[in-house]
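Our numbering numbers the first residue of the sequence shown as 7 and each following residue consecutively. Worksheet for the structure shown next.
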Amino acid sequence: MTNAGAEFRTCPTTGLKVHLPAENLIKANAVAAVVFLLIGTVMALLVALTRWPAVHLLSAEGYYRALTAHGLNMLIFWIIFFEIAVLYFASAVLLNSRLAAPRVGWLSFLMMLVGSLLVDLMILQGKADVMMTSYVPLKADPLFYLGVILFAVGALIGVGLFFATLVVAKREKTYEGSLPLVVFGALAAGIIAVVAIAHGAIIYIPTFLWSVGIIGPIDPAMYRVVWWGLGHTSQQINVTAQIAIWYLLATLTVGATPLNEKVCRSAFVLYILFINLASAHHLLVDPGVSPSWKIWNTSYAMYLAVLASMIHGFTVPASIEVAQRKKGYTKGLFEWLKKAPWGNPGFSALALSIAIFGFIGGITGVTFGTEQINIISHNTLRIPGHFHATVAAGTTLAFMGVTYYVLPLIFRRQVVVPSLAKLQPYFFGIGILLVSIGMTFAGSYGISRRHWDIAFTGAPFTLSFDPTAMLMLSVMGIGAILAVTGALMYILITVFTVLIGKRPA
């Protein structure tokens, strides 16, 4: 059927109208996301097997090259490609609307794709061993910075198209009342994305000009302050999009509805206003920012974002409990949880995402974000332990879980090998939990955050660590193997579903 010249199909499962140009863009961005997840996963295994002293796989040069590729492919390319797909799904599909300008969407996709491929090419050629942060005065090939700029501008265009589609849906009255909560959460993520990506453009454009010799040196302290407006804030996009997906998965898996949408919406607003303050925890050991700035960014205002996370952390499980109890699972305190659909990969991914993000990622994030603890923890492995519990576990598990619904709804394919799909979230979730715990406790014993060889082999001094630290690094290594296995299971299931999965009857 057509609407103002735009083609739609009606989803037989949900009854939603799906704009075909939007569907194609969702597919393209989702496929690209999975490809970059594969690259990041391979690099993750190489990094973990090098940090594990019993294996110590790569040379110093190879380690920092793999670490650079791992960070950018996992934290930027995989997640932001997937988030752009989520934004198009939330604005066009969930609102029964046409995408405002599909050609602009393809421009966004091509810029992001060319930029990310350019970045990876420079890294693999050994022209950008600067790690994800690319701190000056470390200098990469100019094409590395150009690739990042292309990706950032492309992503910004995609977010702009999402906003435009919301306007189209409102004007054409494709939905009634206020924005659905999931779409509202996506809107919050989009607003935060503008802030994050703008910081990236602000700092990478002059860095590119410096790399080609047009301008002089860039002040390292200034670079760090602006860059973390991208580096950490981009992870806040992930958190906000992840929680919007929590609400969606709770509905899709057990039929849950939020207990109080106004409270949930207020929590998303708190994210918009205050969550970016958390970026400061990367700068608390820097002498370039004043004590008053540090105190403000680690004081009560930051905890308003923590309050928002606590609201979501209570409302999503509570909505699941209420939905389960309405089905008759009312014996004792936890029958509703025992009888939950644990064999549904969408639900298990949701549950693991909430638990690991909330208990491990959330607690470590609040503690490491305080000035006093940050000073002793920031340059240790405790910090990667924290963000592997938030982004690697929380966000990635949520994205994996919703994929099992996107495949039949958007790609119109039945998931292949469902028995393997049931196990996949557990492999990845348990593995990434062990990675996070191993890193966090190893860092508590002083293991360095980024150093290639903790033994400092060949140095004119000897250095030894508590045996417990070595044990924790082994836990990290074993967890990495499990997590990589889970990630590869997800990739294979997704790829084979798209290629050979049966079409629903």
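Glycine included, each C-beta is placed from N, C-alpha and C at the ideal position. Being a predicted model, the structure only gives us computed values, none of them experimental.
Would residue i be called buried (16 or more neighbouring beta carbons within 10 Å of its own) or exposed?
i, result
"SER374", "The sequence given here has Phe at residue 374, not Ser. Flag for PHE374 reads buried."
"VAL188", "buried"
"TYR141", "exposed"
"GLY364", "buried"
"ASP126", "buried"
"ARG177", "exposed"
"THR19", "exposed"
"SER97", "buried"
"PHE340", "exposed"
"ASP472", "exposed"
"GLN248", "buried"
"PRO390", "buried"
"LYS508", "exposed"
"ALA489", "buried"
"LEU313", "exposed"
"THR74", "buried"
"SER298", "exposed"
"MET228", "exposed"
"ARG71", "buried"
"GLY21", "exposed"
If contacts are defined as beta-carbon pairs under 8 Å, then residue i and residue j qualify, I think. What distance do you get, rounded to the angstrom?
i, j, result
"ALA161", "ALA250", "The Cβ separation is near 17 Å, so there is no contact."
"THR180", "LEU93", "16 Å between Cβ atoms; not a contact."
"THR409", "THR500", "6 Å"
"LEU276", "ALA324", "In fact, because the Cβ distance is near 18 Å, the residues do not count as touching under 8 Å."
"VAL441", "ALA486", "5 Å"
"LEU105", "PRO27", "6 Å"
"GLY77", "MET128", "In fact, because the Cβ distance is near 14 Å, the residues do not count as touching under 8 Å."
"VAL260", "PRO347", "7 Å"
"ALA91", "ASN35", "4 Å"
"PHE115", "PHE83", "In fact, because the Cβ distance is near 13 Å, the residues do not count as touching under 8 Å."
"ALA284", "ALA311", "6 Å"
"ALA262", "VAL328", "7 Å"
Do you know how far the Cα of residue j is from the Cα of residue i?
i, j, result
"VAL53", "LEU44", "14 Å"
"ARG456", "LEU81", "16 Å"
"ILE203", "LEU426", "37 Å"
"PHE1", "GLY368", "The chain is shown only over 7 to 511; residue 1 falls outside these bounds and no answer can be derived."
"LYS33", "GLY464", "51 Å"
"MET7", "GLU13", "For MET7, the predicted structure reports a pLDDT of 39, less than 50, and the residue's modelled location is therefore unreliable. A value from the coordinates is still provided. Their Cα atoms are separated by approximately 6 Å."
"VAL201", "GLN242", "10 Å"
"ARG418", "ALA461", "52 Å"
"THR474", "MET482", "12 Å"
"PHE447", "SER240", "26 Å"
"VAL37", "ILE484", "29 Å"
"GLY294", "PHE280", "22 Å"
"CYS17", "THR503", "18 Å"
"GLN330", "PRO143", "56 Å"
"TYR253", "GLU182", "19 Å"
"PHE95", "CYS270", "20 Å"
"ILE301", "GLU377", "7 Å"
Given residue i, which residues of its chain have a CB within under 6 Å of its CB, disregarding the five upstream and five downstream residues?
i, result
"TYR309", "none"
"PHE157", "MET118, GLY121 and SER122"
"ALA10", "For ALA10, the predicted model reports a pLDDT of 46, less than 50, meaning its position is unreliable; a value from the coordinates is still stated below. Answer for ALA10: no residue qualifies."
"VAL218", "PRO148"
"LEU236", "ALA202, HIS205 and GLY206"
"THR226", "The amino acid occupying residue 226 in the given sequence is Pro; Thr does not appear at that position. Around PRO226: VAL142."
Enumerate in chain order the residues of its own chain whose CB-to-CB distance from residue i is below 8 Å, with the five nearest sequence positions on each side excluded.
i, result
"PRO212", "ILE221 and ILE224"
"LYS133", "ALA146, ASP147, LEU149 and PHE150"
"PRO431", "PRO351, SER354, ALA355, LEU358, LEU403, MET406, GLY407 and GLY492"
"ALA4", "The chain is shown only over 7 to 511; residue 4 falls outside these bounds and no answer can be derived."
"VAL173", "ALA106"
"SER454", "ASN385, THR386, LEU387 and ILE460"
"VAL165", "ILE90, LEU93, GLY196, ALA199, VAL200 and ILE203"
Within its chain, find whatever has a CB closer than 7 Å to the CB of residue i; leave out the 5 residues flanking it on each side and keep chain order.
i, result
"VAL232", "HIS205, ILE208 and ILE209"
"LEU63", "LEU52, LEU55 and THR56"
"ALA194", "THR246, PHE274, TYR277 and ILE278"
"GLN420", "PRO414, GLY507, LYS508 and PRO510"
"LEU498", "none"
"LEU494", "THR47"
"SER450", "ARG388"
Looking only at DSSP bridge pairs, what is residue i linked to?
i, result
"SER454", "THR386"
"LYS23", "THR16"
Check the Cβ-Cβ distances between residue i and every residue of chain D, and say whether any is below 9 Å.
i, result
"ILE85", "The structure shown contains no chain D; it holds only a single protein chain."
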